[in-house]
Amino acid sequence: MRVEYDAVDVTIDGATIVHDVTVSIPSGHFVGIVGPNGSGKSTLLRCLYRALTPSAGTVRVDGVDNLTVSMRLNALQVAAFTQDSPLQFDFTAAEVVATGRLPHGRAFSRDRAHDHLVCREAMLLADAQHLSERSFLSLSGGERQRVLIARAFAQEPKVLVLDEPTNHLDVHHQYAVLSAAKKLGVTVVAALHDLNLAAQYCDQLFVLGAGRLVCSGTPAEVITVDVLRRWFEIGGHIITHPRLGVPQIIFDEKEYR
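Under this note's numbering, think of the first position of the sequence shown as 1, with each following residue one higher.
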């Protein structure tokens, strides 16, 4: 499903966090929202999975204003992995993943073969299958992260929202999770801090600065020394990945300072 932000503003407690953002994301594309801390990345994503309502403008999923559909229908279309997923119930990891089936009208049912299959495949994709019977509260930060990503996969969305999905993950699992998301073949909208990972996985990048869209394009168009200096306040040297042909950054703080 395609996703469109049309002149979106978000104001919270009198402060405008997102200013007049307009972007169009084609169906099936993997796009990255990048920018420094406080630039509005998470705020923009929250409007897509309806944790926030824009103060102005419209967010459309497959051409339909997402505020005009029920929360259940929106959850059937859009799944989100978020940075703030508090879960203090002593569920097993498998039970947590099963909550991803709630928008489909069921979870925790022991006679739903299809649901069990979907959840098992989701845990395999997120490399969390071996955690199935563990208490969620006993898991490390990275293990919890993989279980919550599996829950989003189990939702079987048409649009997957990932808000800093590689936080707490070791290098192997950073690549594994993004590869799994890409293989789903759905529209993926991800806020990412790691620009090298973003360049390897994203079809398109949108750079936010102080709540505004400041540039966008393919990784090769966006990842430039000028963008690094102006919006990330750091220098760097751009090289080309020898296999993928995408830009990669060797950061050099002294080169800028």
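All C-beta atoms, glycine included, are put in the ideal place defined by N, C-alpha and C.
Reduced DSSP secondary structure (H/G/I, E/B, other) of residue i
{"i": "T11", "result": "strand"}
{"i": "T22", "result": "strand"}
{"i": "I223", "result": "coil"}
{"i": "H116", "result": "helix"}
{"i": "A79", "result": "strand"}
{"i": "Q129", "result": "helix"}
{"i": "S42", "result": "helix"}
{"i": "C47", "result": "helix"}
Alpha carbon of residue i to alpha carbon of residue j, nearest angstrom
{"i": "R212", "j": "L76", "result": "29 Å"}
{"i": "V161", "j": "E253", "result": "31 Å"}
{"i": "R72", "j": "P103", "result": "6 Å"}
{"i": "F89", "j": "A176", "result": "27 Å"}
{"i": "G100", "j": "C119", "result": "8 Å"}
{"i": "F81", "j": "R50", "result": "13 Å"}
{"i": "R151", "j": "L178", "result": "15 Å"}
{"i": "G14", "j": "C47", "result": "17 Å"}
{"i": "D9", "j": "I149", "result": "28 Å"}
{"i": "E164", "j": "S132", "result": "23 Å"}
{"i": "C259", "j": "C202", "result": "The structure shown does not extend to residue 259, since the chain is modelled only from 1 to 257, so the question has no answer here."}
{"i": "G57", "j": "V147", "result": "34 Å"}
{"i": "G245", "j": "G105", "result": "44 Å"}
{"i": "T240", "j": "N74", "result": "39 Å"}
{"i": "V232", "j": "F251", "result": "According to the sequence provided, residue 232 is Phe. The question's Val does not apply to it. Roughly 11 Å separates the two Cα atoms."}
{"i": "A98", "j": "D20", "result": "37 Å"}
{"i": "V69", "j": "E221", "result": "36 Å"}
{"i": "L67", "j": "S55", "result": "12 Å"}
Residue environment, residue i, which counts as buried when at least 16 other CB atoms sit within 10 Å
{"i": "H173", "result": "buried"}
{"i": "D226", "result": "exposed"}
{"i": "D170", "result": "exposed"}
{"i": "K41", "result": "buried"}
{"i": "P242", "result": "exposed"}
{"i": "I12", "result": "exposed"}
{"i": "Q83", "result": "exposed"}
{"i": "G236", "result": "buried"}
{"i": "L276", "result": "Given that the chain is displayed from residue 1 to residue 257, the structure contains no residue 276 and the question cannot be resolved."}
{"i": "K158", "result": "buried"}
{"i": "S39", "result": "buried"}
{"i": "L44", "result": "buried"}
{"i": "A281", "result": "Any question about residue 281 goes unanswered here, given that the chain covers just 1 to 257."}
{"i": "L192", "result": "buried"}
{"i": "A7", "result": "exposed"}
Residue i versus the options, residue with shortest Cα-Cα distance
{"i": "Y5", "options": "T11, V18, I12", "result": "V18"}
{"i": "G209", "options": "D20, E233, S132, P36", "result": "P36"}
{"i": "V189", "options": "G38, V147, T68, V78", "result": "V78"}
{"i": "E95", "options": "M123, L244, V23, P247", "result": "M123"}
{"i": "D115", "options": "I238, F153, D65", "result": "F153"}
{"i": "T187", "options": "A7, S27, L139", "result": "S27"}
{"i": "F206", "options": "I250, K183, S24", "result": "S24"}
{"i": "M1", "options": "V61, A56, T43, L52", "result": "V61"}
{"i": "N167", "options": "T92, D194, I250, L139", "result": "D194"}
{"i": "F136", "options": "A93, Q155, L117, T218", "result": "A93"}
{"i": "T218", "options": "Q248, S55, I234", "result": "Q248"}
{"i": "L184", "options": "E121, L117, A98, P54", "result": "E121"}
{"i": "V3", "options": "G63, R134, L139", "result": "G63"}
{"i": "R134", "options": "I238, L67, F91", "result": "F91"}
{"i": "T22", "options": "L139, V59, A180", "result": "V59"}
Below-8 Å beta-carbon distance, residue i vs any chain B residue
{"i": "A191", "result": "Note that chain B does not occur in the displayed structure, where there is just one protein chain."}
Check: residue i C-beta below 7 Å from any heavy atom of the ligand NAP
{"i": "V246", "result": "For the structure depicted, the ligand NAP is absent and the ligand set is empty, with no information on it obtainable."}
Pairs of beta-carbons, one from the segment 114-128 and one from the segment 19-37, closer than 8 Å: are there three or more? no
Between the segment 197-204 and the segment 135-149, can you find at least three pairs of beta-carbon atoms closer than 8 Å? no
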